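Protein chains in written order, with my numbering: chain A, 6 to 330; chain B, 27 to 514.
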């Protein structure tokens, strides 16, 4: 399977990195190249701005992403000046960033693009609607870092997770942390919840939603078959569940989406052992994981070993983005 | 007009401003800057009011025409920054995009507006499209709201872009070192393109510069049209009337105050429209506690203010002189913060009002319960003194006061209808039947209307009735009642 094939049919794809220098830009560049052959109109943006990038070899600052003619690029007005494709301004968005309003431009030629898109969820939702009006057929979002980033269902239809040697210094940690992130991103959808309940905690009492306070987790958990937790779910939040023992078995803990779950691998395993099903309101498919064996810190990994270990640890396709570079 | 922000708030003017909903950023800015005009701007006010009247009259039966103008107004974004960058020759592609869209919107608006104006005939508001400026930004005449630096503008740019395209086609096929070398070459061409685009953008700025004044005039016209339409929509929401300007008579019939009437509506009560007729000289309103004397003062201030802002008055009819100054002398929440006693603050406010009233103009002075913070016998003397002092000054002065005796020094005397004319026992029965208690109960039976009082009319004793209605101890009540009896 080719890398692009993993996302070929998703209208909106978010590309997120486990850490800096995880190879996100390289992955995005590969996708853009492959996407060009489909002749479908591509639209690009990012969540906020991913710092100033300096070409490590030449030391010159240059925008990192090379786009092709006819691509739609949504970026802040000051960042648009940094782009060197021939620009046609098509729309403004009313979305403000520290670098000015986000502007949608069409590339009339190939060239480098500096992406600095909206930094809020609502902004991206609005921008997607504008892209659709402008007949974009596929949208790539440069999604910044995993955790800080948005892989929520209202934002994208699929996620690509980029990881690599820059994230941790030993192979085992890189693989286990990435596998855990992948697991949290691909939590199954809930059997009970389909719309977002209002309270911090909501349980089902005889099929009727009942809201409760944050400190009532263990009490509410055994009321019905599923407990919904709004917002961040951390190790500390779910700690009371481990005292429930057998009473917890077979019940469901439902979170908003994978990007709100901050559980350690140990907690996830403990929940599994308790027989608790960890799930989300609606899930976004993780299309692929990319690995980058080169580290910005100098501790490179053996490409074949990293690829093999990562492939063994997850059930989604894994690609080495540096291969062929 | 000299009301402070807090006073504009308390009379309900800020609330009315918030109800105005212009559609464009230009109308919105004009709304925020809306301030009362002075008598010297009477012609301007008459013009604004006549435009407003035409729009208000035509609006209900011509929804489609108005909707078309509204839609055009909604499309405007604030391009004033871009316009000013034309002057400094520093527009980029984004600014040019904004200006082009502005010019296109102007064309659309002028079509919708000329249809509407053919019907209503407004004066002083002209939307003039600038086709010559549009042609500069849209040399191909596409009429699409997008912008790029066109190759038609220079042979140089055309050649550079052709070269760039050719290089990019080659680049697409190359890999490795060959690609890197070709990329280097392409980047140099891109840099040349950048420079040529910048030069052309500056040239476009220079060509647009002669049209800056026309653009600014149009922005002003869009703002005025937008805000006048918003005023007309508001005037249709509440009963409102065009004020006519007089040389001294101040007469408002059936006036209301949206801020207060909306608050009353929420608590289930209704605002009693107020009639008042004043002239140069002094007048007092006396009457029961809780009877709405202050409401009458605030409502009058609001409607006078609105007339000076070129808006309709919330009333059935409105005759208003144009004032050089309006003063509201009332207790304010901030007084205690400033370390003044309420009486002290009042005196300070009175001093500045008296010294601020122009001798050769007309001023409106509104006193809400003056001297209530000091002892009643001195307070009454002070109020009477102020009334006598103002008698022959160029002012229209209205006092809401507890001091019944003060009325004899005033030109006119109004009383809040209050609870007079209602039999107290019947009142109690009606109240116990309705189940309402205390303040709510009083609000239900209180008549907030004003009635003129003739000399020698008896002073109603509503305060005692209110004591009874608020459930005062029986023994205490009869003790107080005895006081009233011995006075007779």
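Just so you know, even glycine gets a beta-carbon here, dropped at the ideal spot from N, CA and C.
All of these numbers come straight from a predicted model, not from anything done at the bench.
Quiz item: Would the beta-carbon of residue 425 (chain B) fall within 7 Å of that of residue 310 (chain B)?
Solution: Your numbering for residue 425 (chain B) matches position 399 in the second chain. Your numbering for residue 310 (chain B) matches position 284 in the second chain. Closer than 7 Å, so yes.
Quiz item: How would you list, in chain order, the residues of chain B whose beta-carbon sits under 7 Å from the beta-carbon of residue 234 (chain A)?
Solution: Taking the first chain and counting its residues from 1, the one referred to as residue 234 (chain A) is at position 229. Within chain B, no residue comes near residue 234 (chain A); the closest Cβ sits about 37 Å away, beyond 7 Å.
Quiz item: Between residue 35 (chain A) and chain B, is there a C-beta pair that is closer than 7 Å?
Solution: The residue labelled residue 35 (chain A) in the question sits at position 30 within the first chain. No, residue 35 (chain A) does not count as interfacial toward chain B.
Exercise. Only counting runs of 4 or more residues, tell me where the alpha helix (DSSP H) segments fall wholly within the stretch 159-233 of chain B, in order along the chain.
Key: 181-199
Quiz item: Cα separation between residue 65 (chain B) and residue 483 (chain B)?
Solution: Taking the second chain and counting its residues from 1, one reaches residue 65 (chain B) at position 39. Taking the second chain and counting its residues from 1, one reaches residue 483 (chain B) at position 457. Each residue's alpha carbon lies about 38 Å from the other.
Quiz item: Whose CA, out of B:305, B:336, B:325, lies closest to the CA of residue 437 (chain B)?
Solution: For this step, residue 437 (chain B) is matched to residue 411 along the second chain. Cα-wise, what sits closest to residue 437 (chain B) is B:305.
Quiz item: Between which two residues does the beta strand (DSSP E) containing residue 26 (chain A) stretch?
Solution: Taking the first residue of the first chain as 1, we reach residue 26 (chain A) at position 21. Looking at the DSSP string, residue 26 (chain A) is not in any beta strand (DSSP E), and its letter there is neither H nor E.
Practice problem: Flag residue 158 (chain B) as yes when its Cβ comes closer than 6 Å to any non-hydrogen atom of the ligand GTP, and as no otherwise. | Solution: Absence of the ligand GTP is noted for the structure shown, with no ligands found whatsoever.
Quiz item: Roughly how many whole angstroms lie between the Cα atoms of residue 164 (chain B) and residue 126 (chain B)?
Solution: Stepping through the second chain from its first residue, residue 164 (chain B) is reached at position 138. Stepping through the second chain from its first residue, residue 126 (chain B) is reached at position 100. The alpha-carbon atoms of residue 164 (chain B) and residue 126 (chain B) are separated by roughly 8 Å.
Quiz item: What residues from chain B crowd round residue 95 (chain A), counting only those whose CB sits closer than 7 Å?
Solution: What you label residue 95 (chain A) is simply residue 90 of the first chain in a count that begins at 1. Those within 7 Å of residue 95 (chain A) in chain B are 172.
Self-check item: Interface residues of chain A facing residue 187 (chain B) [CB-CB closer than 9 Å]
Solution: Position 161 of the second chain, counting from 1, holds the residue named residue 187 (chain B). Chain A residues near residue 187 (chain B): 91, 113, 114.
Exercise. Would you grab the beta carbon distance between residue 116 (chain A) and residue 82 (chain A) for me? Rounded to a whole angstrom, and I think it's under 8 Å.
Key: On the first chain, position 111 is the one that residue 116 (chain A) refers to. On the first chain, position 77 is the one that residue 82 (chain A) refers to. Wrong, their Cβ atoms sit about 17 Å apart, outside the cutoff.
Quiz prompt | Euclidean distance between Cα positions of residue 305 (chain A) and residue 104 (chain B) | solution = For this step, residue 305 (chain A) is matched to residue 300 along the first chain. For this step, residue 104 (chain B) is matched to residue 78 along the second chain. Looking at the two C-alpha atoms, the distance is approximately 52 Å.
Self-check item: Beta bridge counterpart(s) of residue 330 (chain B) as assigned by DSSP
Solution: Taking the first residue of the second chain as position 1, residue 330 (chain B) is located at position 304. DSSP lists no partner for residue 330 (chain B).
Quiz item: Under the three-state reduction of DSSP, which class applies to residue 15 (chain A): helix, strand or coil?
Solution: As a working note, residue 15 (chain A) is residue 10 in the first chain. Three-state DSSP puts residue 15 (chain A) in coil, outside helix and strand.
Self-check item: Nearest residue (CA-CA) to residue 74 (chain B), options B:490, B:151, B:138, B:379
Solution: For this step, residue 74 (chain B) is matched to residue 48 along the second chain. Among B:490, B:151, B:138, B:379, the Cα nearest to that of residue 74 (chain B) belongs to B:151.
Exercise. Rank A:226, A:263, A:233, A:231 by C-alpha distance to the C-alpha of residue 250 (chain A) and give the top, closest one.
Key: Position 245 of the first chain, counted from the first residue, corresponds to residue 250 (chain A). Of A:226, A:263, A:233, A:231, the residue nearest in Cα terms is A:226.
Self-check item: Span separating the alpha-carbon of residue 498 (chain B) from that of residue 218 (chain A)
Solution: If you number the second chain from 1, residue 498 (chain B) lands on position 472. If you number the first chain from 1, residue 218 (chain A) lands on position 213. Spanning the two alpha carbons is a distance of roughly 45 Å.
Quiz prompt | Beta-carbon contacts of residue 79 (chain B) that lie in its chain and below 7 Å, excluding the five residues immediately before and after | solution = Here residue 79 (chain B) refers to the residue found at position 53 when the second chain is read from its first residue. Contacts found: 268.
Self-check item: is_contact[residue 109 (chain A), chain B] using C-beta, thresh 7 Å
Solution: The count along the first chain starts at 1 and reaches residue 109 (chain A) at position 104. Chain B contact via Cβ: absent.
Quiz prompt | From B:117, B:53, B:474, residue whose alpha carbon lies closest to that of residue 290 (chain B) | solution = Your numbering for residue 290 (chain B) matches position 264 in the second chain. Comparing Cα-Cα distances from residue 290 (chain B) to each of B:117, B:53, B:474, the minimum goes to B:474.
Quiz item: Which chain B residues are close to residue 85 (chain A), counting only those with a beta carbon under 9 Å from its beta carbon?
Solution: Within the first chain, the letter at position 80 stands for residue 85 (chain A). Correct list: 118, 119, 120.
Quiz item: In three-state DSSP terms, what is residue 296 (chain A)?
Solution: Working through the first chain from its first residue, we reach residue 296 (chain A) at position 291. It is a strand residue.
Self-check item: Inter-residue spacing [alpha-carbon to alpha-carbon] between residue 197 (chain B) and residue 28 (chain A)
Solution: Here residue 197 (chain B) corresponds to residue number 171 of the second chain, with the count starting at 1. Here residue 28 (chain A) corresponds to residue number 23 of the first chain, with the count starting at 1. Between residue 197 (chain B) and residue 28 (chain A), the C-alpha separation is close to 23 Å.
Exercise. Flag residue 216 (chain B) as yes if its beta-carbon sits less than 7 Å from any beta-carbon of chain A, otherwise no.
Key: For the purposes of this step, residue 216 (chain B) is taken as residue 190 along the second chain, with counting starting at 1. Answer yes: the Cβ-Cβ gap between residue 216 (chain B) and chain A drops below 7 Å somewhere.
Exercise. Can you have a look at residue 157 (chain B) and say buried or exposed, based on whether 16 or more other CB atoms are within 10 angstroms of its CB?
Key: As a first step, residue 157 (chain B) is located in the second chain; it is residue number 131 there, counting from the start. Burial call: exposed.
Quiz item: Got a sec, what are the start and stop residues for the beta strand (DSSP E) residue 478 (chain B) sits in?
Solution: Against the second chain, residue 478 (chain B) aligns to sequence position 452. Its beta strand (DSSP E) spans residues 473-478.
Practice problem: Work out the CA separation of residue 242 (chain B) and residue 236 (chain B) for me, nearest whole Å. | Solution: Residue 236 (chain B) sits at position 210 when you count from the first residue of the second chain. Residue 242 (chain B) sits at position 216 when you count from the first residue of the second chain. Going from the Cα of residue 236 (chain B) to the Cα of residue 242 (chain B) covers about 11 Å.
Self-check item: Among B:507, B:395, B:227, B:389, nearest to residue 373 (chain B) - alpha-carbon criterion
Solution: Against the second chain, residue 373 (chain B) aligns to sequence position 347. Among B:507, B:395, B:227, B:389, the Cα nearest to that of residue 373 (chain B) is on B:395.
Exercise. Determine contact between the stretch 277-288 of chain B and the stretch 367-387 of chain B, defined as no fewer than three beta-carbon pairs at a distance below 8 Å.
Key: no
Quiz item: Quick one: what's got a C-beta closer than 6 Å to residue 17 (chain A)'s C-beta in the same chain, skipping five residues either side?
Solution: For the purposes of this step, residue 17 (chain A) is taken as residue 12 along the first chain, with counting starting at 1. Around residue 17 (chain A): 144, 161, 162.
Exercise. Report the residues of the stretch 89-123 of chain B with a CB closer than 8 Å to any CB of chain A, ordered along the chain.
Key: 103, 118, 119, 120, 122, 123
Quiz item: Using the beta-carbon of each residue, which ones in chain A are nearer than 7 Å to residue 191 (chain B)?
Solution: Position 165 of the second chain, counted from the start, is the residue given in the question as residue 191 (chain B). Those within 7 Å of residue 191 (chain B) in chain A are 114.
Self-check item: Straight-line Cα distance separating residue 308 (chain B) from residue 423 (chain B)
Solution: Locating residue 423 (chain B) in the second chain gives position 397, counting from the first residue. Locating residue 308 (chain B) in the second chain gives position 282, counting from the first residue. Distance between the alpha carbons of residue 423 (chain B) and residue 308 (chain B) is about 5 Å.
Quiz prompt | chain B within 7 Å of residue 63 (chain A), Cβ atoms only | solution = Here residue 63 (chain A) corresponds to residue number 58 of the first chain, with the count starting at 1. For residue 63 (chain A), the pLDDT reaches just 42, beneath the cut-off of 50, and the residue's location in the model is therefore unreliable, although a value from the coordinates is still provided. Answer no: the Cβ-Cβ gap between residue 63 (chain A) and chain B never drops below 7 Å.
Quiz item: Is it buried or exposed for residue 256 (chain B), if we count other Cβ within 10 angstroms and need 16 for buried?
Solution: If you number the second chain from 1, residue 256 (chain B) lands on position 230. By the 10 Å Cβ count, residue 256 (chain B) comes out buried.
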